[in-house]
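Numbers given in the working numbering equal positions in the sequence shown, counted from 1, plus 17.
Quick reminder that beta carbons are idealized off the backbone N, C-alpha and C, glycines included.
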Amino acid sequence: MRLIAATLLFAALITPALANNLILIPTGTTLTTGQVRAEAALSVDGTDGRYFWLGAGLQQYELNVTRFQRPHLAAENVIDLQFCFIPETIFTPAVAFGINDLADQSRQGPGPYAVITRHLPLPEASPLKGFAATVGFGVVGLRGPFLGVEAELPAHFVLQGEYDSRDYNAAIGWKLTPSFMLKAYTIRRENYLGAELVPLTF
């Protein structure tokens, strides 16, 4: 398992990626063949916690690994498998089903979930460049409802907020280049700085 995760991480570091998870919650938008996502966040409050996100798609399926590391404690690896039931179109939201924590390596445990994401139309006078909402429900693992929003602001800023069925998490990002975004996070009441490779399909 460690070899697979290391190989995927190496591939993500050398390849621009397409992000799918909002912060910790899944979204209804499923990666497909030729799409990879990668992101990393390091704590800034002295706890030395670290988050790493990695995902890859194949046709209608997506495999995600979220790794959380803290000094002197065993790392948590949450592996999710997601299936695209309906892709987002002008008429339909993106609808997906998945299984959270397949390997049962986290405190939350494995469980199925369903999730819907919709990019909402905005009036021409809106200061927002884009807005997407996500709602979902999990059993056992995610334990109930989860939801999130993402707003694209002027000057290449992005705001993200979510409720992951346990905590409220948030992030603000700034696209330094079209393919790279710097981010600041509040995850489970701790602060992190990190970066995301911005969407690219190859």
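(message) Does Pro110 pass the burial test, meaning 16 or more other C-beta atoms within 10 Å, or should it be called exposed?
(response) buried
(request) Return the first residue and the last residue of the beta strand (DSSP E) that Lys192 is part of. (result) 185-194
(request) Quick one: give me the first and last residue of the beta strand (DSSP E) that Gly153 is part of. (result) 147-155
(request) Using the Cα positions of Ala58 and Phe100, report the straight-line distance between them to the nearest angstrom. (result) 26 Å
(message) Between Glu56 and Glu213, how many whole angstroms is the CB-CB distance? I'm expecting something under 8 Å.
(response) 4 Å
(request) Would you list the one or two residues that DSSP bridges to His136? (result) Answer is Ala149, bridged to His136.
(message) To the nearest angstrom, how far is the alpha carbon of Thr50 from that of Ala73?
(response) 8 Å
(message) Let me check one thing: in DSSP terms, what residues is Ile103 bridge-paired to?
(response) Val112
(request) For Leu71, write down the residues that DSSP places opposite it in a beta bridge. (result) Ala55, Val82
(request) Provide the residue span of the beta strand (DSSP E) that contains Ile204, from first to last. (result) 197-204
(request) Pick helix, strand or coil for Ala28, following the three-state DSSP scheme. (result) Summary for Ala28: the model assigns pLDDT 35, below 50, so the residue's position carries little reliability; its value from the coordinates is reported in the next sentence. Ala28: helix per DSSP, three-state reduction.
(message) Less than 7 Å between the beta carbons of Asn117 and Gly158, yes or no?
(response) yes
(request) Pull up the distance between the alpha-carbon of Leu176 and that of Thr44, whole angstroms please. (result) 15 Å
(message) Quick test of the definition: if touching needs 3 or more C-beta pairs under 8 Å, does the region 119-139 touch the region 147-164?
(response) As far as the Cβ criterion goes, the region 119-139 touches the region 147-164, which means the pair count is three or higher.
(request) Name the residue from Gly115, Pro127, Ala172 whose alpha carbon lies nearest to the alpha carbon of Pro144. (result) Ala172
(request) Along the beta strand (DSSP E) that carries Leu210, what are the first and last residues, could you check? (result) 207-214
(message) Give me, in chain order, the residues of the same chain whose beta-carbon lies closer than 7 Å to that of Trp191; leave out the 5 immediate sequence neighbours on both sides.
(response) His173, Phe174, Met198, Leu199
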